[in-house]
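Novice: In order, the protein sequence lines correspond to chains H and Z. Under the working numbering, the first sequence has 167 at position 166, and the numbering climbs by one with no breaks. Under the working numbering, the second sequence has 169 at position 168, and the numbering climbs by one with no breaks. Note that beta-carbon positions come from the ideal geometry of N, C-alpha and C, so glycine has one too.
There are 2 protein chains.
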Amino acid sequence: MAIDAVIPFKPKNPKTRLSCVMEQEEREAFARAMLSDVIAAAQAGGCSPLLLCTAPYDRPDARILLDPDGLNESLNRLLATSKSPVLIIMADLPLADGAAVSRLVSTAADMAVVPGRGGGTNAIFLREPSRFRVNYYGASFLKHMQIAMDAGLSVDVVDSFRLHTDVDEKEDLVEVLIHGRGEARRCLESLGFTLSIEGGRVGVKRGAHK
Amino acid sequence: MAIDAVIPFKPKNPKTRLSCVMEQEEREAFARAMLSDVIAAAQAGGCSPLLLCTAPYDRPDARILLDPDGLNESLNRLLATSKSPVLIIMADLPLADGAAVSRLVSTAADMAVVPGRGGGTNAIFLREPSRFRVNYYGASFLKHMQIAMDAGLSVDVVDSFRLHTDVDEKEDLVEVLIHGRGEARRCLESLGFTLSIEGGRVGVKRGAHK
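#1: Closer than 7 Å between beta carbons: that is the criterion. Which residues of the region 150-163 of chain Z meet it against chain B?
#2: Between His165(H) and Ser107(H), what straight-line distance do the alpha-carbon atoms span, to the nearest angstrom?
#3: Would the region 134-145 of chain Z and the region 168-176 of chain Z be scored as touching if the rule is three or more Cβ pairs under 8 Å?
#4: Which first and last residues belong to the beta strand (DSSP E) in which Ser197(H) is found?
#5: Does DSSP put Cys48(H) in a helix, a strand or coil?
#6: With distances taken between CB atoms, is the gap from Val175(Z) to Gly193(Z) smaller than 8 Å?
#7: For the alpha helix (DSSP H) containing Asn136(Z), list its first residue and its last residue.
#8: Measure from the alpha carbon of Arg128(Z) to the alpha carbon of each residue in Ser83(Z), Pro61(Z), Tyr138(Z), then state which is nearest.
#9: Please report the residue range of the beta strand (DSSP E) in which Leu127(Z) lies.
#10: Give the straight-line distance between the Cα atoms of Leu36(H) and Leu94(H), rounded to the nearest whole angstrom.
#11: Going along the chain, which residues of its own chain have a beta-carbon closer than 7 Å to the beta-carbon of Leu67(H), five neighbours each way excluded?
#12: If I follow the unbroken beta strand (DSSP E) through Leu96(Z), where does it start and stop?
#13: Could you tell me if Thr195(H) is buried or exposed, where buried requires 16 or more neighbouring beta carbons within 10 angstroms of its beta carbon?
#14: Per DSSP, which residues does Leu88(H) bridge with? Please list them.
#15: Which residues, in order along the region 129-150 of chain H, keep a beta-carbon less than 7 Å from a beta-carbon of chain Z?
#16: In whole angstroms, give me the CA-to-CA distance for Gly47(Z) and Ser103(Z).
#17: Show which residues of chain Z have a CB atom less than 7 Å away from the CB atom of Leu196(H).
#18: Within 8 Å of any Cβ in chain H, is that where the Cβ of Val175(Z) sits?
#19: Which residues in chain H sit within 8 Å of Pro116(Z), going by Cβ to Cβ distance?
#20: Hey, is Ala100(H)'s beta-carbon within less than 8 Å of any beta-carbon in chain Z?
#21: Leaving aside the five residues before and after His180(Z) along the sequence, list all residues of the same chain whose C-beta is less than 6 Å from its C-beta, in chain order.
#22: For Val158(Z), which residues does DSSP report across the bridge?
#23: Where does Pro116(Z) land, buried or exposed, given buried means 16+ other C-beta within 10 angstroms?
#24: Going by beta-carbon coordinates alone, are Glu6(Z) and Ser49(Z) separated by less than 8 Å?
#25: Determine the burial state of Arg18(H): buried for a count of at least 16 other Cβ atoms within 10 Å of its Cβ, exposed for fewer.
#26: Can you tell me whether Cys188(H) is helix, strand or coil according to DSSP?
#27: Counting only beta-carbon atoms, is Gly208(H) nearer than 8 Å to chain Z?
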């Protein structure tokens, strides 16, 4: 049986830190494109996507669970009653691929985790979900390591830049244009984003809409 | 025979983008501490460290090659005459570990590469070094992929955040304090750096010198 890959998703007004380079509708389209890449990676890694949405949303390649509550509250309700292994993976990881997801869910430990940049947590695999609870926001990676230790769970920190790279800010778009291979990259290109090199540093610039 | 791990190193006035939080002597000590972690990772991954230094420098755990020329010029001279596999790994990767280096040097491809954040290249393993030449600076990852393609070399992009995380700016110090396990982390702690959380974002602050 495929492992449930729970993907929290906010369909309305997501990724506000990209407001400097994208209108709200564009941010919503880009968030959906990143989600498509995460769904494809989860499936390629042997998981069955289950979207945990804060507002009504529908798509053919994933089951949907609607829960307008906060991220921690809704995830912890779900974990508490889960009887089989669960992967929690964020929706803003457009470099994710099946190989990285496979490494995560094939861990020999009780739990596997991939940190995000800046202390966050981008993916957590739990063999027995009811033994763990999440605590996102701030330095959540350190909080999750502590929760695992308190629960007596062995933890494997999986070394993947593809799952480590979450996209929140304009600078992060560089990574999508260089390493992306899916919908998020195509979305950025269709919005007119290209790489720019100024003073030896790589950034992005936005040209005319295509 | 151990694979040569060539580590370019600048002993004098390195890491100038950290000038906002460290004096020159502190930056030099921190650069040496990061180098120690890279040397240890290279050794743990089965490689023999060879420092390519721009100025006289000595340490007991690595061989030294002095070459005040530019990075590309000195590396390409070295590659052109190398008869056995070579790993080139940057000195500012304090999260590097033996497992990541092992994955890199055990690739089945002609060449394995780990991109840095922002389009850089943090590590390159070359089975036949004389078939390749480096071209660092700017979006070097894309340049290196093109050079490999032009030379007919198969390339494995190794998915490691430990080798992807190069430390150039104040924000990067967060990663060292969270994920570092060696000398660089100890150096930052001895300089009084700690994590700080402001408005949900994780940063570093510097307290009194210890």
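Specialist: Taking the structure as given:
#1: Checking the listed chains, one finds no chain B in this structure; the protein chains it contains are H and Z.
#2: Answer to the nearest angstrom: the Cα atoms are 18 Å apart.
#3: Cβ pair count under 8 Å is below three, so no.
#4: Where Ser197(H) is concerned, the enclosing beta strand (DSSP E) stretches over 194-199.
#5: The three-state reading of DSSP puts Cys48(H) in strand, counting E and B together.
#6: Going by C-beta atoms, Val175(Z) is not nearer than 8 Å to Gly193(Z).
#7: Segment: none, Asn136(Z) is in no alpha helix (DSSP H) and carries neither H nor E.
#8: Relative to Arg128(Z), the option among Ser83(Z), Pro61(Z), Tyr138(Z) whose CA is nearest is Ser83(Z).
#9: Segment 122-127, the beta strand (DSSP E) holding Leu127(Z).
#10: C-alpha separation (whole angstroms): 8 Å.
#11: Only Cys54, Pro57 meet the Cβ criterion.
#12: It is not in any beta strand (DSSP E) - Leu96(Z) carries neither H nor E in the DSSP assignment.
#13: For Thr195(H), the number of other beta carbons within 10 angstroms of its own is below 16, and it is reported as exposed.
#14: DSSP lists Ala6(H), Phe126(H) as partners of Leu88(H).
#15: With the criterion set as a beta carbon lying under 7 Å from some beta carbon of chain Z, the members of the region 129-150 of chain H are Tyr138, Gly139, Ala140, Phe142, Leu143, in sequence order.
#16: Take the alpha-carbon of Gly47(Z) and the one of Ser103(Z): they are about 7 Å apart.
#17: Per Cβ cutoff of 7 Å: Ala140.
#18: With 8 Å as the cut-off, Val175(Z) counts as an interface residue toward chain H.
#19: The answer, in chain order, is Phe162, Ile179, His180.
#20: Chain Z, which has a Cβ nearer than 8 Å to the Cβ of Ala100(H), makes this yes.
#21: Annotation for His180(Z): Leu96 place their beta carbon closer than 6 Å to its own, counting only its chain and skipping 5 residues before and after.
#22: Paired residues: Val114(Z).
#23: So Pro116(Z) counts as buried.
#24: As written in the sequence, residue 6(Z) is Ala, which differs from the Glu given in the question. Yes, they are a contact pair.
#25: Result: exposed.
#26: For Cys188(H), the secondary structure class from DSSP, reduced to helix, strand or coil, is helix.
#27: Not closer than 8 Å to any Cβ of chain Z, the Cβ of Gly208(H) fails to qualify, so no.
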